[in-house]
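Residue numbers (UniProt numbering): 1 to 1008.
Backbone N, C-alpha and C define an ideal beta-carbon position, used for all residues, glycine too.
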Ligand SMILES: [Zn+2]
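So this is what it looks like as structure tokens:
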């Protein structure tokens, strides 16, 4: 604790390769002034934009990028959290910049309006997101007596236009607000450092002592946002995506003080249980639900909370939503009639202790962020680390008291669906997101008293968990100085390849394992590809009760369709790992299609593919880019069509064919001996006894090379309501396994990323999403820039190209010292060590799965980067990013164009109106532009305008023809439009297959 009341926690970790810090300020958007929604969030944004000591608006981010760092922040209901990480030797300088946020921010007036626009596009990105819409609906329909209802993001209107109309100065109000709510005594600082505790303490005291202490009492929000007026009601809401959900919310107390017993967490363990006898198990048997979760502790803020139960309904479940709610209340009645026994609590307590004891490290910036938030909670200071994890005291009376409050009368229900629910119309519209909803009294069927667990004999409290690890012995007792960089190949036959690395550095009783099942039948056609997907979904579905128990016991698994096979991966305590592998592969082998589950899982998958079309445009561009440059790839539309043809009968045939001919590649890494790894792999092979693949079938997939030229692939954004357009501009560089080229690309990508962001997002305000980075395919690489904006595609493309022209000058003007900084940043990122065992397992697996087996790449890269000069980078940039006779540009731009017209496009109608001699009312035109009409809507408006002025059919036709032209965007100069994607793909050259790059004595050729 500093003299100014600022509390700091310092973690010294001599091994860390990143230092980090986070500040948690105990104020968030629930403290926004009523007339400026979003002010706390706005304040968070402006903190980054310069301080008295470091006035340049991008000083902080630029400093961090140059020193392998990054930063972020978020604004919650009652807290604002800022965090960054940086190369350890630069912590002092970074921390000094960071401290200035809280000492002397300038809130530069030149940034204020621009940043209001940045917040506006952040919010506009959320407008079509159901998560955000439901969150705000929950708030907006709560009691106005409680601060919970507030809208926290803000937009241009709340942060700029409205305040200006009303004649007050936002910046002035912001400074006042900040002075009212920011104070040293409500700030919690967490620092992760490589240096000693003493040295860092001294540094922190020096740097943070000037933060002013205003001796504030942090805001707290007692009482519940759900009062008698809101409870006992059901909200019916129309969702954007095709989802069907049921949510039960109970007012709950803030349990921060009950950290030792965590009654809410224990109850959510029971209510949200997915094993035998659980609510979900029952609902799935009835075909009413696909998933469920329950929880408390994360839904509220200081002074209040909610207990929430969320059910992911099936179509039938939606029709039976009242029955679904009744089952939940029957389970709650069971908890009342048969209070949970102490052993059940002790099981949870034991697992919580294990989880804390063998907790793996997370990246320093997230550790710092989490620690600073924990410090803001009322935990005793000697338990700050363990309190969020461990529960130790059984508190049956409190549990009983809480269960007693979980009645229908004390609950609010939300039912959401894209399709109408029981013929309802939605009378109301939520203010900020436009979400349509209606509120009704809760149905009598749910309210009816006397819910009795006896009506549902299937329901029962969970049995003891058989998968809790017993053997926690660590087999390797000695940590080696230099951990091995790669696994050993233990076995290589036509059927299988077995890799193993026994842990030599973490010394914990955990392991990771991967099994890749390759078969030529896995994606021979769009139909077989979706059949494979159905198979993986059905297997996971059929194992859910079992895998849920495993997950509770600290052992999780994934079973997914990978690009070239089916991937089974596991992570957790190694004691029961082999048991879980055995259960999964036996289920694969013996799976009998359950027709009822088939229908439900099929429906779920169809909705998932369909819903993806509603995802934001920037998520589509990457997928389109991958499709266009991969030899075997099926577009989403084809898969969706094929999915309709999958039947239980043809799925059975597909599975038999697929499992009959397979190659199995596996890796076991961790607290597992060589013999155990071999035994595990042998038992998997024994289960299937597959036929071998031919040499040709075993080769990796292939990428397609982007040909010379500037190519443009465009299509409309599928969601007609989305105002945003996304552009991915990909510049192809060359062979992924050219070490020189790869080093140049990574340094160049680091140098240009911050200037690009600063130019397109901060200065030109194209939109919230501006990002760039290397994109690597199976065998080639290049650089991509992604921008999502409310401007149109050709404009965005032209801005990116203008950036390249300007950057040429900037790069040439850079000093050698600047270049060295970026090189250093790349090197330290390449050499960054794994933070935990799972990260190491995954990295080893990526090298195996890629087919290149290049385990030493990052060390080699670091050496190559060291030798690069500025001249190398300048020549790299001019060679690959500009057209020349020696080497033409290879560029592929993907545009997802919003279906809505931009104000700029509508503005081009001016001359057409002039020609007709029509004078349009400017206010009316401005309103039309603001509504972002589609072409069809603009036509209706245009016709109305002319008719109102008494114009005839000829004039109307003339104007409508002009509007129609807006449907077709121009093709930027020098670009060639790809009219038929499939035809274009079929003409491309295939890049080489992946193949092992290094020679290891134990590696191929096969040793049998
Ligand atoms: Zn933000």
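Cβ shell of residue 567 (< 6 Å), same chain only, five flanking positions each side left out: Taking the first residue of the chain shown as position 1, residue 567 is located at position 567. Excluding positions up to five away in sequence, the list reads 516, 560.
Nearest candidate by alpha-carbon position, reference residue 668, set 896, 577, 977, 893: Position 668 of the chain shown, counted from the first residue, corresponds to residue 668. It is 577 whose Cα lies nearest to the Cα of residue 668.
At least 3 beta-carbon pairs within less than 8 Å: the region 265-282 vs the region 456-468: Taking one beta carbon from each stretch, the region 265-282 and the region 456-468 have 3 or more pairs nearer than 8 Å; the two touch.
Selection from 305, 214, 445, 229 that minimises the alpha carbon distance to residue 102: In the chain shown, residue 102 corresponds to position 102, counting from 1. 214 is the residue among 305, 214, 445, 229 whose C-alpha sits nearest the C-alpha of residue 102.
Whether residue 51 touches residue 105 by CB criterion (9 Å): Here residue 51 corresponds to residue number 51 of the chain shown, with the count starting at 1. Here residue 105 corresponds to residue number 105 of the chain shown, with the count starting at 1. Closer than 9 Å, so yes.
The alpha helix (DSSP H) enclosing residue 181, as first and last residue numbers: Within the chain shown, the letter at position 181 stands for residue 181. Element bounds for residue 181: 170-181.
Touching by the beta-carbon criterion (3+ pairs, under 8 Å), the region 668-679 and the region 637-657: Cβ pair count under 8 Å is below three, so no.
Backbone secondary structure at residue 508 - three-state DSSP: Here residue 508 refers to the residue found at position 508 when the chain shown is read from its first residue. DSSP, reduced to helix, strand and coil, places residue 508 outside both helices and strands of the structure shown, so it counts as coil.
Check whether residue 733 and residue 721 have beta carbons under 9 Å apart: Residue mapping note: residue 733 aligns to position 733 of the chain shown, counting from 1. Residue mapping note: residue 721 aligns to position 721 of the chain shown, counting from 1. No; because the gap between Cβ atoms is not below 9 Å, this pair is not in contact.
Coarse secondary structure for residue 583, derived from DSSP in three states: Sequence index remark: in the chain shown, residue 583 carries index 583 (1-based). Correct three-state label for residue 583: helix.
Per-residue DSSP class, three states only, for residue 534: On the chain shown, position 534 is the one that residue 534 refers to. It is helical.
N-terminal and C-terminal residue of the alpha helix (DSSP H) that residue 783 is part of: One-based indexing of the chain shown puts residue 783 at position 783. That residue, residue 783, is in no alpha helix (DSSP H); its beta strand (DSSP E) goes 780-789.
Check: residue 168 C-beta below 8 Å from any heavy atom of ligand 1: For this step, residue 168 is matched to residue 168 along the chain shown. It does not: the Cβ of residue 168 is nowhere closer than 8 Å to a heavy atom of ligand 1.
Burial state of residue 695 (16 or more Cβ within 10 Å): Counting from 1 along the chain shown, the entry for residue 695 is found at position 695. Classification for residue 695: exposed.
DSSP three-state assignment for residue 343, whether helix, strand or coil: Within the chain shown, residue 343 is the residue found at index 343, counting from 1. Helix at residue 343.
4 or more residues per run - each alpha helix (DSSP H) lying fully within the region 628-678: Complete alpha helix (DSSP H) runs here, min 4: 636-643, 648-660.
Member of 598, 799, 88 whose CA lies at the smallest distance from the CA of residue 541: Locating residue 541 in the chain shown gives position 541, where the first residue counts as 1. The option with the nearest alpha carbon to residue 541 is 598.
Minimum C-alpha distance to residue 1011 - residue among 483, 554, 494, 601: Here the chain has residues from 1 to 1008 only, and residue 1011 is not among them.
Sequence-distant residues of the same chain with beta carbon closer than 6 Å to residue 496, five excluded per side: Residue numbering aside, residue 496 sits at position 496 when the chain shown is read from its first letter. Within the same chain, residue 496 has close Cβ partners 664, 685.
Three-state secondary structure assigned by DSSP to residue 299: On the chain shown, position 299 is the one that residue 299 refers to. Correct three-state label for residue 299: coil.
Three-state class that DSSP yields for residue 365 in the structure shown: Counted from its first residue, the chain shown places residue 365 at position 365. It is helical.
Limits of the beta strand (DSSP E) - the one that residue 308 falls within: Within the chain shown, the letter at position 308 stands for residue 308. In the DSSP annotation of this structure, the continuous segment of the beta strand (DSSP E) that includes residue 308 starts and ends at 305-313.
Pairwise C-alpha distance: residue 134 and residue 230: As a position in the chain shown, residue 230 is number 230, starting the count at 1. As a position in the chain shown, residue 134 is number 134, starting the count at 1. In this structure, the CA atom of residue 230 is about 16 Å from the CA atom of residue 134.
Proximity below 9 Å, CB of residue 892 to CB of residue 725: The count along the chain shown starts at 1 and reaches residue 892 at position 892. The count along the chain shown starts at 1 and reaches residue 725 at position 725. Taking the C-beta atoms as reference points, residue 725 is found no nearer than 9 Å to residue 892.
Ligand 1 heavy atom lying under 8 Å from the CB of residue 119: Position 119 of the chain shown, counted from the first residue, corresponds to residue 119. At least one heavy atom of ligand 1 is nearer than 8 Å to the Cβ of residue 119, so yes.
Cut-off 8 Å between Cβ atoms - residues of its own chain near residue 457, not counting five sequence neighbours on either side: Position 457 of the chain shown, counted from the first residue, corresponds to residue 457. Here residue 457 has no same chain residue with a Cβ atom under 8 Å from its own Cβ, once five neighbours each way along the sequence are excluded.
Same chain only: Cβ atoms within 6 Å of residue 1006, ignoring 5 sequence neighbours per side: Residue numbering aside, residue 1006 sits at position 1006 when the chain shown is read from its first letter. In this prediction, residue 1006 has a pLDDT of 37, which is less than 50 and means its spatial position is unreliable; nothing more can be read from the coordinates.
Nonlocal neighbours in the same chain, by C-beta distance under 6 Å from residue 594, ignoring five residues either side: For the purposes of this step, residue 594 is taken as the residue at position 594 of the chain shown. None.
Cβ-based neighbour list, residue 290, same chain, cut-off 7 Å, excluding 5 preceding and 5 following: The residue you call residue 290 lines up with position 290 of the chain shown. So the qualifying residues of the chain are 312, 314, 600, 604.
Cβ neighbour criterion (16 or more within 10 Å) applied to residue 996: Here residue 996 refers to the residue found at position 996 when the chain shown is read from its first residue. By the neighbour-count rule (16 or more Cβ atoms within 10 Å), residue 996 is not buried but exposed.
Nonlocal neighbours in the same chain, by C-beta distance under 8 Å from residue 266, ignoring five residues either side: Here residue 266 corresponds to residue number 266 of the chain shown, with the count starting at 1. Only residues of its own chain outside the window of five on either side were considered, and among them 340, 345, 348, 391, 399 have a CB closer than 8 Å to the CB of residue 266, listed in chain order.
Cut-off 6 Å between Cβ atoms - residues of its own chain near residue 414, not counting five sequence neighbours on either side: In the chain shown, residue 414 corresponds to position 414, counting from 1. Closer than 6 Å at the Cβ level, and outside the excluded window around residue 414, lie 235, 247.
C-alpha distance - residue 166 paired with residue 149, whole-angstrom precision: Position 166 of the chain shown, counted from the start, is the residue given in the question as residue 166. Position 149 of the chain shown, counted from the start, is the residue given in the question as residue 149. Looking at the backbone, the Cα of residue 166 and that of residue 149 are separated by about 23 Å.
Runs of alpha helix (DSSP H) wholly within the region 387-426 (minimum 4 residues, chain order): Runs found: 396-405.
Distance cut-off 8 Å: residue 122 Cβ against heavy atoms of ligand 3: As far as ligands go, the structure on display features ligand 1 and does not contain ligand 3.
Contact belief for residue 403 with residue 332 at Cβ below 8 Å, rounded distance in angstroms: Here the question's residue 403 lines up with position 403 in the chain shown. Here the question's residue 332 lines up with position 332 in the chain shown. The pair is a contact, with the Cβ atoms about 6 Å apart (cut-off 8 Å).
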